[in-house]
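Written below as structure tokens is the structure these notes are about.
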Amino acid sequence: MKLKFIAIMLFAFVYSLTGVQAQQGNKKGQIGDRIQAQMVAYLTSELSLTPQEAEKFWPLYNEYKNKERLVKRGQIPSKAIDLMNEGEASAFLNNTLEAEEKELELKKYYTKEFRKVLPATKVAKLQQAERGFKKELIKKISKQNRNERGD
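No gaps in the numbering here: position 23 of the sequence shown is 26 in our numbering, and each next residue is one more.
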């Protein structure tokens, strides 16, 4: 019961933030915030976070995801791979490998940090829960796209 209440409160909090962006006409931000709110509720539920755990975990998790996002941005090629010459492709491959190494180091560091605020069992469940959320999100988007096309 407490867990559902926490999830609902977190969802309501993040959802209220989307209202501010809606007034600014930022539709892309609204969608991102709604997905973020759903993810918070999903992970909170899947990990069975207590209020005390959630209070410590979420700021740390958000920090991790922000840093991860910055590293992943470096993996986006500046132009289409088909249009790259040999030197550009080689540089792209090297940059991608470096970014993946940084991503792994980030993951190792934050896994240690998560273990300071959560039991190892919940930290281990985190990756599984993230994959589960992505799977659900893809299903939902696919269904929505089929409905919009009239399939």
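Idealized CB from N, CA, C, for every residue including glycine.
Judged by beta-carbon spacing, Phe60 lies beyond the 8 Å limit of Leu109, meaning their Cβ atoms are not closer than that value.
Listed in chain order, the non-local C-beta contacts of Lys105 below 6 Å within the same chain comprise Val74, local neighbours out to five positions each way being set aside. Counting along the chain, no alpha helix (DSSP H) covers Ile84, and no H or E run does either.
Take Tyr113, set aside five residues on each side of it, and the residues of its chain with a beta-carbon closer than 6 Å to its own are Tyr67, in chain order.
If you look at Ser51, you'll find it isn't in any alpha helix (DSSP H); DSSP assigns it neither H nor E. DSSP places Pro122 outside both helix and strand once states are collapsed to three, so it counts as coil. Its chain contains no residue whose beta carbon lies nearer than 6 Å to that of Glu133 once the 5 sequence neighbours on both sides are disregarded.
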